[in-house]
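So the structure is just underneath, and the comments pick up after that.
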Ligand SMILES: C[S@@+](CC[C@H](N)C(=O)[O-])C[C@H]1O[C@@H](n2cnc3c(N)ncnc32)[C@H](O)[C@@H]1O
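As structure tokens, then:
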């Protein structure tokens, strides 16, 4: 970080450009190609069918960002990044693709939202649902293993993942415990993609999907979800206003057996909500329909829902988990 307020202002003023370089490097295949092997600029452009002059500028910017290194005429992806661009379930291209969409959305709507508190209604196309689900899978592939490890799953037989998308977290929970069965609840167009997503995971037979709506009492008419040892709300409460988040925590706690645990994983933020930049920005990403909630607020909601022994686990500088036990 450059010294001085004016220098900081200048670096943030150009933050949009760094972000676009990242997403374009992902969308054109530059990251994935360099993850396979180092290449010269000519080889890279020819392999990807992209403009050599523009490729050189993007790759030079990636070097300046510390993501690519020059070795003579060849360019190599930084070693730490190579495993994240292998085209497997952990591949980060989908997450970057999603942030490319976010960039467009921010450009089009943030100023209007700040002026009026409203924004145009957003309806995701079927392709948009798949792109969002793919981005969530990319994020889960990165974060779910540490969440699964942090939860002591030895005694868990039945787990409910509320808003669990296409089952990425459920896969990691099941991999931690061979006796664990997971139910994933999400909206109908999302759960429709679930079985195919978990089919090759080796644990798909222990994961079932329920189409529901967590804004409805008990997740929707005719849905019976109760007696779980573990319920997960992962990246869910930030999508809600305070009343909605509290109601959701109450509903999740209601799905537990006595002694069961509720785990809430989300972006972390300081109590005054003004120190963790990425979480402050994420709160803006939620516009008027969600927020990044501080610890005392989350603890208060959990306690009010009848949960005790609430413990916090930190995952890096901007994610955390609160787990609490339903009082028997
Ligand atoms: C930010 S994603 C998190 C997905 C997953 N838990 C994870 O961490 O990767 C939010 C999820 O909530 C689901 N969702 C949103 N509104 C819902 C609702 N009313 N009922 C059920 N699921 C909902 C979305 O479809 C999406 O899969």
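Numbering (the numbering used here), first residue to last: 5 to 332.
Where a beta carbon is used, it is the ideal one built from N, C-alpha and C, also for glycine.
* To do: Give a single yes or no on whether residue 95 has its beta carbon closer than 8 Å to a heavy atom of ligand 1.
  => Sequence index remark: in the chain shown, residue 95 carries index 91 (1-based). In this structure, residue 95 has its CB at a distance of at least 8 Å from all heavy atoms of ligand 1.
* Asked: Where are the alpha helix (DSSP H) runs, 4 residues long or more, that stay fully inside the segment 189–262, in chain order?
  -> 192–195, 198–202, 246–258
* What do you reckon, are the CB atoms on residue 340 and residue 166 nearer than 9 Å? -> The chain is shown only over 5 to 332; residue 340 falls outside these bounds and no answer can be derived.
* Report whether the distance from the Cβ of residue 196 to the nearest heavy atom of ligand 1 is below 8 Å. => As a working mapping, residue 196 is identified with position 192 in the chain shown. Every heavy atom of ligand 1 is 8 Å or more from the Cβ of residue 196, so no.
* Can you name the residues that DSSP bridges to residue 324? -> Taking the first residue of the chain shown as position 1, residue 324 is located at position 320. Beta-bridge analysis with DSSP links residue 324 to 270, 318.
* In angstroms, rounded to a whole number, what distance separates the CA positions of residue 35 and residue 245? -> By 1-based counting over the chain shown, the position of residue 35 is 31. By 1-based counting over the chain shown, the position of residue 245 is 241. The straight-line gap from Cα to Cα measures roughly 37 Å.
* Asked: CB-CB under 7 Å to residue 301, same chain, minus the five flanking residues each way: which ones, in chain order?
  -> Here residue 301 is taken as the residue at index 297 of the chain shown, counted from 1. If we look at residue 301 and ignore the five residues flanking it on each side, it has no Cβ neighbours.
* To do: Consult DSSP for residue 159 and reduce its assignment to one of helix, strand or coil.
  => Within the chain shown, the letter at position 155 stands for residue 159. Three-state DSSP puts residue 159 in coil, outside helix and strand.
* Asked: Cβ of residue 231 within 8 Å of any heavy atom in ligand 1?
  -> Counted from its first residue, the chain shown places residue 231 at position 227. Result no, Cβ not under 8 Å from ligand 1.
* Below 8 Å, can you find three or more Cβ-Cβ pairs linking the segment 116–123 to the segment 283–297? -> yes
* Asked: From residue 178 to residue 262, what distance separates their C-alpha atoms?
  -> Residue mapping note: residue 178 aligns to position 174 of the chain shown, counting from 1. Residue mapping note: residue 262 aligns to position 258 of the chain shown, counting from 1. For residue 178 and residue 262, the distance between alpha carbons rounds to 22 Å.
* Evaluate contact between the segment 120–132 and the segment 142–162, counting only Cβ atoms and requiring at least three cross-stretch pairs below 8 Å. => no
* Relative to the C-alpha of residue 235, which residue among 315, 102, 85, 187 is closest? -> In the chain shown, counting from the first residue as 1, residue 235 sits at position 231. Nearest C-alpha to residue 235: 187.
* To do: Could you check what DSSP says for residue 59 in three-state terms: helix, strand or coil?
  => Within the chain shown, the letter at position 55 stands for residue 59. It is helical.
* To do: Under the assumption that residue 164 contacts residue 229 (Cβ atoms under 8 Å), give the Cβ distance between them as a whole number of angstroms.
  => Position 160 of the chain shown holds residue 164. Position 225 of the chain shown holds residue 229. Contact holds; Cβ gap of about 6 Å.
* Helix, strand or coil: which one does DSSP assign to residue 40? -> Counting from one through the chain shown, the residue named residue 40 turns up at place 36. Residue 40 falls in the helix class under three-state DSSP.
* Measure the Cβ-Cβ separation of residue 327 and residue 315 and say whether it is below 9 Å. => Working through the chain shown from its first residue, we reach residue 327 at position 323. Working through the chain shown from its first residue, we reach residue 315 at position 311. Yes. Within cutoff.
* What do you reckon, is the C-beta of residue 290 under 8 Å from a heavy atom of ligand 1? -> Position 286 of the chain shown, counted from the first residue, corresponds to residue 290. Residue 290 Cβ: outside cutoff for every heavy atom of ligand 1.
* Asked: How should residue 155 be labelled, buried or exposed, when 16 other C-beta atoms within 10 angstroms of its C-beta is the threshold for buried?
  -> Within the chain shown, numbered from 1, the residue matching residue 155 stands at position 151. Counting Cβ neighbours within 10 Å, residue 155 comes out buried, since at least 16 surround it.
* Asked: Per DSSP, which one or two residues make a beta bridge with residue 78?
  -> Within the chain shown, the letter at position 74 stands for residue 78. For residue 78, which the question treats as bridged, DSSP gives the partners 44, 75.
* To do: Spatial neighbours of residue 123 within its chain, please: CB distance less than 8 Å, with the 5 preceding and 5 following residues excluded, ordered by chain position.
  => What you label residue 123 is simply residue 119 of the chain shown in a count that begins at 1. Cβ within range, chain order: 113, 116, 117, 291, 292.
* Measuring from the CB of residue 311, is there a heavy atom of ligand 1 at a distance below 8 Å? -> Here residue 311 is taken as the residue at index 307 of the chain shown, counted from 1. No - ligand 1 has no heavy atom lying nearer than 8 Å to the Cβ of residue 311.
* Asked: Going by DSSP, what residues sit across from residue 187 in a beta bridge?
  -> Here residue 187 is taken as the residue at index 183 of the chain shown, counted from 1. Per DSSP, 164, 212.
* Asked: How many angstroms separate the CA atom of residue 335 from the CA atom of residue 12?
  -> The chain is shown only over 5 to 332; residue 335 falls outside these bounds and no answer can be derived.
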